[in-house]
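Take 44 as the starting number for the sequence shown in the working numbering and just add one per residue. Have a look at the structure below before the remarks.
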Amino acid sequence: MWDKTKLKELERLVREWEETCLEPTLSQKPERRETFQTDVGLEIKRLYTPLDLSARDFDYAEDLGFPGQYP
Numbered sequence: 044m045w046d047k048t049k050l051k052e053l054e055r056l057v058r059e060w061e062e063t064c065l066e067p068t069l070s071q072k073p074e075r076r077e078t079f080q081t082d083v084g085l086e087i088k089r090l091y092t093p094l095d096l097s098a099r100d101f102d103y104a105e106d107l108g109f110p111g112q113y114p
């Protein structure tokens, strides 16, 4: 379901964003916490992309589905 070429490109773009945008910003204005967590202690990532879903072999129709329909 995931185009490997597009995922590789997205991986590169995320690294580029981290280096050119995120790191310079954080060096001037650090985040107020080292990590962020949900109420039950799960770590919240700074950025979620389709890379996170592809790593879990996420299938939209099987795993999520459409509103009002059972997946």
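The C-beta atom is built at its ideal place from N, Cα and C for all residues, glycine as well.
What whole-angstrom Cβ distance do W45 and S97 have, given they're in contact under 8 Å?
That belief holds up - the Cβ atoms of W45 and S97 are roughly 4 Å apart, short of 8 Å.
If I measure Cβ to Cβ from E86 and keep anything under 6 Å in the same chain, skipping five residues before and after, which residues do I get?
Within the same chain, T78 and Q80 come within 6 Å of E86 by CB-CB distance, once the 5 residues on both sides are set aside.
Beta-carbon proximity of L90 to L53, cut-off 8 Å:
For L90 and L53, no; Cβs fall outside 8 Å.
With DSSP run on the structure shown, which of helix, strand or coil describes Q112?
Of the three classes helix, strand and coil, the one that applies to Q112 here is coil, per DSSP.
How many Å lie between G84 and R58 at the Cα?
Taken atom to atom, the span from the alpha-carbon of G84 to that of R58 is near 26 Å.
Coarse secondary structure for E86, derived from DSSP in three states
Residue state, collapsed to three classes: strand.
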